[in-house]
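Visitor: So in our numbering, the last spot in the sequence shown is 1140, and the numbers never skip. Let me begin by handing over the structure; questions about it come next.
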Amino acid sequence: MAKETKIIEVGPSELNSTIKFWASFGWDVISSNTIDTRQVHYVDGDVTEDIFGNVTQKINTRETGEKYISITFQRDKSMGNYDKLVALENKYVSISPILPGYEPSLPKKFSAILIILSIVGLAAGIFPGLIFIFISAIKFATYPNRYKKWEEEVKEYKKSQVQYEADINTKKSILAQAESLC
């Protein structure tokens, strides 16, 4: 009766969901240990003196380290549907959905700040105003290219969003299949 073992470390709040998840693939919990590496460090604080000359030093504490739970799972290799469960587990683990970033923002034809600076620049003197008008003209002339680039970025964003949702649905389906086999 060959068995395989797996050890996973999780935060205390993730204990129950982790046990339920791995049980879906035929894993049984054989032990769990709480590991606390936190240490309290005492640090000198403020020194104060009252009107009577009494000196008091405040001691501050600082905590470092972490607390987590080490869970040991075991699975019998001779159990029914073992091969199917292993295949589903490997497939599930191999899918890494990538959450799409922010949707690209539409480029602007004109910048209100540049227009205001152009007017102020013309009022202050011709040269500063001409510089801002020149920058605005370049921005206006490059708008079609920036717009095309934006459209491509939006297409990629939407494609990554669809892929992310498909990956999530695939993982849910795999998990449901595995649960039905146990």
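Yeah, the Cβ is synthetic: ideal placement off N, Cα and C, and Gly gets one too.
#1: May I have the straight-line CA-CA distance separating Gln997 from Tyr1026, to the nearest angstrom?
#2: In terms of residues, what are the limits of the beta strand (DSSP E) holding Asn991?
#3: Is the region 1036 to 1048 touching the region 1101 to 1120 in the sense that three or more CB pairs, one from each, lie closer than 8 Å?
#4: If I measure Cβ to Cβ from Thr963 and keep anything under 6 Å in the same chain, skipping five residues before and after, which residues do I get?
#5: Taking only runs of the alpha helix (DSSP H) that begin and end inside the region 1027 to 1083, which ones reach a length of at least 4 residues, in chain order?
#6: Which of helix, strand or coil does DSSP assign to Ile1159?
#7: Alpha carbon to alpha carbon, what distance is there between Ala1095 and Pro1149?
#8: Which value, in whole angstroms, describes the spacing of the CA atoms of Glu1114 and Gln1121?
#9: Assuming Ala960 and Ser1036 form a contact by the criterion Cβ under 8 Å, report the distance between their Cβ atoms to the nearest whole angstrom.
#10: For Lys1106 and Phe1098, I'd like the C-alpha separation in whole angstroms.
Guide: The structure says:
#1: Distance from the CA atom of Gln997 to the CA atom of Tyr1026, rounded to whole angstroms, is 14 Å.
#2: Looking at the DSSP string, the run of the beta strand (DSSP E) that includes Asn991 is 986 to 994.
#3: They do not touch, by the three-pair rule.
#4: Closer than 6 Å at the Cβ level, and outside the excluded window around Thr963, lie Gln1032.
#5: You should have 1040 to 1052, 1070 to 1082.
#6: Any property of residue 1159 remains undetermined from this structure, which presents the chain solely from 959 to 1140.
#7: Any answer about residue 1149 is impossible in this case: the structure gives the chain only from 959 up to 1140.
#8: Whole-angstrom Cα-Cα distance: 10 Å.
#9: Under the criterion of beta carbons closer than 8 Å, Ala960 and Ser1036 qualify as touching, at roughly 7 Å.
#10: Lys1106 and Phe1098 have their C-alpha atoms some 14 Å from each other.
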